[in-house]
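Heads up: the sequence shown begins at 25 in the working numbering, then just goes up one per residue.
Just so it is clear, CB atoms sit at the ideal spot from N, CA and C, and this is done for glycine as well.
The block underneath contains the structure these notes are about, expressed in C-alpha cells.
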Amino acid sequence: MTKLLVVETSPRGGHSISRNMTRRFVADWRTVHPASEVIERDLMETDLPFVTAPWLQAYFTPPEEHSPEMKDALRLSDELVGEIISADHIVIATPVYNYNIPAALKAWVDHIVRKGMTLGFDGSGLVTGKKATVLIASGGVYTEGSPIRDRDIATQYLRLILGVIGITDVTVVAGGGAKAVDMGEQTMDGFIASVEPEIERAAA
Ligand SMILES: Cc1cc2nc3c(=O)[nH]c(=O)nc-3n(C[C@H](O)[C@H](O)[C@H](O)COP(=O)(O)O)c2cc1C
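As C-alpha cells, this is what we get:
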C-alpha cells in the first residue's frame, strides 16, 4: 500500500496557511491514491527534544552496546526515521520564520539524519526511491524574479537536507505572500485556490 508521511509544523491550527495547503494536498492525494495510508507527524504535538549529550552518546555508541537509557534516548529519533523509511512520499508543510524553517522542524531534521539509517557511513543518502513535497507558507514572496530571492533559505535548506538523505525528487510549492490572508486582503480559500494547480501536480 502506498504510504504518505505528512510532517506539520505550524502552531496556528486552522489559521495556518501551510496546514490548509496540506489539507488540499492530502485530499488530492487520496483521489489519486484511494488505497493509500496517510501517516501524520504533527511536530506541534510531538515532544521533540533538541540534541542533548545523552542523545549524542547513544548516537555514537554501536546499537549492540546500547544501554536501556541509550535506547530510551534514541526512541523518538528511531520512530521518526522509521516513518520516513516506510513512506513512499513525504510532505513537509512549514512556515518561514526569520528566513528559515521553524526551530521545531530543524529539531526534526536533527533526529532524522542518522548515520547508518538515513545517511550512509560513506556520506551517501540511504532513503532512495522516494518523493517529497515541501508546502511552504511565507509572508514574503521568494520565487524567481523576486528582489528578495536570495533570502529563500528555507527552501534551499530543505532541498539540501532531503538530498543528503537520498531524496532528490523534491517539489516545492511556495505559498508566498501569505500575509494577505492574515491581513484580510485575501480569503484562505482564494489563497489555496491560487496554489491548487501546483499542489494537484505534486500529489499526482
Ligand atoms: C515569528 C515569525 C517570523 C516570520 N518570519 C518571516 C520571514 O522571515 N519571512 C517571511 O516571508 N515570512 C515570515 N513570517 C510570516 C510567516 O511565514 C507567514 O505568516 C506564514 O503564513 C506562516 O505559516 P502558517 O500560516 O502555516 O503558520 C514570520 C512569521 C512569524 C510568526
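- The three-state secondary structure of Y166, taken from DSSP, is coil.
- Secondary structure of V205 (DSSP, three-state): helix.
- Y123 carries a coil assignment under DSSP once its states are collapsed to helix, strand and coil.
- Within the chosen limit of 7 Å, ligand 1 reaches the beta carbon of K203 through at least one heavy atom.
- Residue ranges of uninterrupted alpha helix (DSSP H) with 4 or more members, entirely inside the stretch 77–145 and ordered along the chain, are 77–83, 92–110, 127–136.
- Judged by DSSP secondary structure, D193 falls within the beta strand (DSSP E) whose first and last residues are 193–199.
- In this chain, I177 is not harboured by any beta strand (DSSP E); it is covered by the alpha helix (DSSP H) spanning 177–188.
- Taking the Cβ of Y123 as the reference point, at least one heavy atom of ligand 1 falls within a distance shorter than 7 Å.
- Contact annotation, H57 with T33: C-beta distance approximately 23 Å; criterion of less than 8 Å not satisfied.
- Rounded to whole angstroms, the gap between the alpha carbons of I41 and V205 is 8 Å.
- Membership of I223 in the alpha helix (DSSP H) is indicated by the continuous run 212–227.
- The continuous beta strand (DSSP E) containing V158 extends over residues 155–161.
- Taking non-hydrogen atoms of ligand 1 into account, the C-beta of P119 is found less than 7 Å away from one of them.
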